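In this note's numbering, the protein residues as written are 29 to 164.
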Amino acid sequence: MGVMVVAVFLQVLFRFFLDQPLAWTEELARYLLVWLTFLGSAYAMSIKAHIGTEYIQKFLSPMANKIVLSVAALLSILFFAVMIYQGYLLSVRSMTQTSPSLLVPMGYVYMVIPISGVLLIMNVLHVTWKDITGKE
């Protein structure tokens, strides 16, 4: 995030004060924001900041609550597995395409999709285990 702030600051500085905009800073900030968003979603999963079933859970018995948590976790893991697989394929296919200004292979930009998918699966397993068993 710090690198993104510096890149945007440089863009503003060069564009408005020196009248010489830097093309690479906008591209770098965009790609860093994509990475920050995907990795932030994995972090949000670890602290249970995503939308959940808390409203429904307060009306259910403890056993039904565990079932709902397990089904939600399994569906999430299925989605994240598809995200890992398809994100990996996208990043491998995009290694030959380079970004316009930075000339970085776009596969590196897209590699955050499978990386965050792995982190999301690890976090959803941990959070679900903690919710169902009450143990760390």
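Positions of the beta carbon are idealized from the N, C-alpha and C atoms, including for glycine.
All figures in this text were calculated on a predicted structure; none of them were measured in a lab.
*From the DSSP output, read off the bridge partner residues of residue 126.*
Within the sequence shown, numbered from 1, the residue matching residue 126 stands at position 98. In DSSP, residue 126 forms a bridge with 133.
*Skipping 5 residues on each side, what residues in its chain have a beta carbon closer than 7 Å to that of residue 87?*
Here residue 87 is taken as the residue at index 59 of the sequence shown, counted from 1. Cβ neighbours of residue 87 beyond the five flanking positions: none.
*Report the rounded CA-to-CA distance for residue 110 versus residue 47, giving the unit in angstroms.*
Here residue 110 corresponds to residue number 82 of the sequence shown, with the count starting at 1. Here residue 47 corresponds to residue number 19 of the sequence shown, with the count starting at 1. Using only the alpha carbons, I get a separation of about 45 Å.
*If residue 106 and residue 141 are in contact, beta carbons under 8 Å, what's the gap, nearest whole angstrom?*
Along the sequence shown, one-based indexing puts residue 106 at 78. Along the sequence shown, one-based indexing puts residue 141 at 113. No, residue 106 and residue 141 are not in contact; Cβ-Cβ is about 16 Å, not under 8 Å.
*asked:* Considering only their Cβ atoms, is the gap separating residue 69 from residue 148 smaller than 8 Å?
replied: As a working mapping, residue 148 is identified with position 120 in the sequence shown. As a working mapping, residue 69 is identified with position 41 in the sequence shown. In this structure, residue 69 lies closer than 8 Å to residue 148 by Cβ.
*asked:* If I follow the unbroken alpha helix (DSSP H) through residue 80, where does it start and stop?
replied: Along the sequence shown, read from residue 1 onward, the residue named residue 80 stands at position 52. Where residue 80 is concerned, there is no enclosing alpha helix (DSSP H), given that its DSSP letter is neither H nor E.
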